[in-house]
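*Asks:* A single structure is presented below for examination.
Protein chains in written order, with my numbering: chain A, 14 to 145; chain B, 14 to 145.
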């Protein structure tokens, strides 16, 4: 079981490196919930999650993971990135189901000015793609 | 070693239950860094951290931890709380030094409206205490 969890984590890192959306399609559960740093209500389902996760990875500059805390099927991956002139830190809180698929994905960002800049950049990019 | 880490975590939960600041004095390292969700620059030192951590616990309503992810000396503690009418989630990312003291404490909050409400409530409370 725990090997299956590790494989999903490896594939996630592979997605971050390649931005190949087909990897997301493989590792996200159909009914994954995505909790964004901006709004309370989660986005439901694989297609919504793929749209958001691919867009946010296009918006971040100088993205890198800086800390990994994991127990069993729960991961806390902390990252550093830039948006416009702002440095930021964030976490991906990832929960896997029994099949090793990502069933819950929650993102938090600090500090507040970088969160605001990220929100503006995300809205612009999603609008360009006709997704907003 | 890992027992020492667990003891610190237990004492942290004891602080959350009792709001007894002397517990913080015991488990924080003298040169702890506190990274707030509001500003990039950390606050340095035990006294600054105690002031902020005691104040924020006074501001949160209906606070409870909902998820704990840990490996060795690193903890990711996710909490739920309310501020004014807003529901929020947050994480405490806690790193312990070799003595089991908290050397780094980072907080992130979502969603954005709750973060803004928390910032306003924190400023008011810190000003009342003459700390801002």
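Just so you know, even glycine gets a beta-carbon here, dropped at the ideal spot from N, CA and C.
Could you give the distance in angstroms between the alpha-carbon of residue 92 (chain A) and the alpha-carbon of residue 77 (chain A)?
*Replies:* Position 79 of the first chain, counted from the start, is the residue given in the question as residue 92 (chain A). Position 64 of the first chain, counted from the start, is the residue given in the question as residue 77 (chain A). For residue 92 (chain A) and residue 77 (chain A), the distance between alpha carbons rounds to 6 angstroms.
*Asks:* Taking all protein chains shown into account, do 16 or more other C-beta atoms lie within 10 angstroms of the C-beta of residue 87 (chain B), making it buried, or fewer, making it exposed?
*Replies:* Within the second chain, the letter at position 74 stands for residue 87 (chain B). Residue 87 (chain B) is buried by the Cβ-count criterion.
*Asks:* Taking only the alpha-carbon atoms, compute the straight-line gap between residue 104 (chain A) and residue 144 (chain A) and give it to the nearest angstrom.
*Replies:* Translated into positions along the first chain, residue 104 (chain A) becomes position 91. Translated into positions along the first chain, residue 144 (chain A) becomes position 131. Rounded to the nearest angstrom, the two C-alpha atoms are 24 angstroms apart.
*Asks:* Name the residue from B:18, B:73 and B:43 whose alpha carbon lies nearest to the alpha carbon of residue 96 (chain B).
*Replies:* In the second chain, residue 96 (chain B) corresponds to position 83, counting from 1. Looking at the Cα atoms, B:73 is the closest of the given residues.
*Asks:* According to DSSP, residue 44 (chain B) sits in a beta bridge with which residue or residues?
*Replies:* To locate residue 44 (chain B), count along the second chain from 1; it is residue 31. Answer is none; residue 44 (chain B) lacks a bridge partner.
*Asks:* Report the residues of the region 42–64 of chain A with a CB closer than 9 angstroms to any CB of chain B, ordered along the chain.
*Replies:* Here the close residues are 48, 49, 50, 51, 52, 53 and 54.
*Asks:* Should residue 128 (chain A) be labelled buried (16 or more other beta-carbon atoms within 10 Å of its own) or exposed?
*Replies:* In the first chain, the residue the question calls residue 128 (chain A) occupies position 115. Flag for residue 128 (chain A) reads buried.
*Asks:* Since residue 68 (chain A) and residue 138 (chain A) are thought to touch, with beta carbons under 8 angstroms apart, how far apart are those beta carbons, to the nearest angstrom?
*Replies:* If you number the first chain from 1, residue 68 (chain A) lands on position 55. If you number the first chain from 1, residue 138 (chain A) lands on position 125. Right, their Cβ atoms sit about 5 angstroms apart.
*Asks:* Buried or exposed: where does residue 119 (chain A) fall if 16 or more other Cβ atoms within 10 Å of its Cβ makes it buried?
*Replies:* Taking the first residue of the first chain as 1, we reach residue 119 (chain A) at position 106. Counting Cβ neighbours within 10 Å, residue 119 (chain A) comes out buried, since at least 16 surround it.
*Asks:* Please say whether residue 111 (chain A) and residue 45 (chain A) have beta carbons closer to each other than 8 angstroms?
*Replies:* Stepping through the first chain from its first residue, residue 45 (chain A) is reached at position 32. Stepping through the first chain from its first residue, residue 111 (chain A) is reached at position 98. It is not a contact, given that the beta carbons lie outside the stated cut-off.
*Asks:* Under 8 angstroms Cβ to Cβ from residue 38 (chain A), same chain only, skipping five residues before and after it: list those, please.
*Replies:* Looking up residue 38 (chain A) in the first chain gives position 25. Here the set comprises 59 and 63.
*Asks:* How would you label residue 21 (chain A), buried or exposed, when you count the other beta carbons within 10 angstroms and need 16 or more for buried?
*Replies:* Sequence index remark: in the first chain, residue 21 (chain A) carries index 8 (1-based). Classification of residue 21 (chain A): buried, given that the 10 Å Cβ count is 16 or more.
*Asks:* In angstroms, rounded to a whole number, what distance separates the CA positions of residue 2 (chain A) and residue 141 (chain B)?
*Replies:* Outside the displayed span of chain A (14 to 145) sits residue 2 (chain A), for which this structure offers no information.
*Asks:* Is residue 121 (chain A) close to chain D? Criterion is C-beta to C-beta, closer than 8 angstroms.
*Replies:* The structure shown contains no chain D; its protein chains are A and B.
*Asks:* Please classify residue 49 (chain A) as buried or exposed, where buried requires at least 16 other C-beta atoms within 10 Å of its C-beta.
*Replies:* Taking the first residue of the first chain as position 1, residue 49 (chain A) is located at position 36. By the 10 Å Cβ count, residue 49 (chain A) comes out buried.
*Asks:* Report all residues from its chain with a CB closer than 8 angstroms to the CB of residue 32 (chain A); omit the five preceding and five following residues, and keep chain order.
*Replies:* Residue mapping note: residue 32 (chain A) aligns to position 19 of the first chain, counting from 1. Around residue 32 (chain A): 67, 70 and 71.
*Asks:* Alpha carbon to alpha carbon, what distance is there between residue 28 (chain A) and residue 113 (chain A)?
*Replies:* Against the first chain, residue 113 (chain A) aligns to sequence position 100. Against the first chain, residue 28 (chain A) aligns to sequence position 15. Whole-angstrom Cα-Cα distance: 16 angstroms.
*Asks:* In its own chain, which residues sit with a C-beta less than 6 angstroms from the C-beta of residue 16 (chain A), not counting the 5 before and 5 after it?
*Replies:* Start at 1 with the first residue of the first chain, and residue 16 (chain A) comes out as number 3. Closer than 6 angstroms at Cβ, skipping near neighbours: no residue.
*Asks:* Taking the Cβ atom as the reference point for each residue, do residue 53 (chain B) and residue 124 (chain A) lie within a distance shorter than 8 angstroms?
*Replies:* Reading the second chain from its first residue, position 40 is the one you call residue 53 (chain B). Reading the first chain from its first residue, position 111 is the one you call residue 124 (chain A). Cβ distance < 8 angstroms, so residue 53 (chain B) and residue 124 (chain A) count as in contact.
*Asks:* Ordered along the chain, which non-local residues of its own chain (more than five positions away) have a Cβ less than 6 angstroms from that of residue 43 (chain A)?
*Replies:* Taking the first chain and counting its residues from 1, one reaches residue 43 (chain A) at position 30. Excluding sequence neighbours, residue 43 (chain A) sits near 59.
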